[in-house]
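Novice: In my numbering, the protein residues as written are 260 to 329.
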Amino acid sequence: MQHENAEMNESYLHINQHVKQRSIECIKSKSQLQEISNINNSSSKALNKLILFLLRSAVKAAAKGRSMLN
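In structure tokens form, the structure reads like this:
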């Protein structure tokens with residue numbers, strides 16, 4: 260009986276260690292996903308600024324071209 264209890268205890272400790280390790284991996288994964296999300300948000304903001312700049316430049320160029328024709 261004592262031998263069985265020792266085996267069960269060892270098995271429990273092994274499983275517990277595995278669960279702790281997986282929990283740590285999940286936390287790291289969540290942290291990495293948050294980091295990727297932050298990078299994506301920054302990239303989106305930068306891309307939006309670039310698009311606005313290009314649109315404004317195109318409008319200015321069109322207005323300049325129109326005034327040259329008149």
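Glycine residues also receive a C-beta, built at the ideal position from the N, C-alpha and C atoms.
The structure displayed is predicted, hence computed values, not measured ones.
Consult DSSP for Met327 and reduce its assignment to one of helix, strand or coil.
Specialist: As a working note, residue 327 is residue 68 in the sequence shown. Three-state result, Met327: helix.
Novice: DSSP on Met260, reduced to helix/strand/coil?
Specialist: Indexing the sequence shown from 1 puts residue 260 at position 1. Correct three-state label for Met260: coil.
Novice: For Leu306, which residues of its own chain have a beta-carbon under 6 Å away from its beta-carbon, when the five flanking residues on both sides are left out?
Specialist: Start at 1 with the first residue of the sequence shown, and residue 306 comes out as number 47. For Leu306, where only same-chain residues beyond five positions count, there are no Cβ hits under 6 Å.
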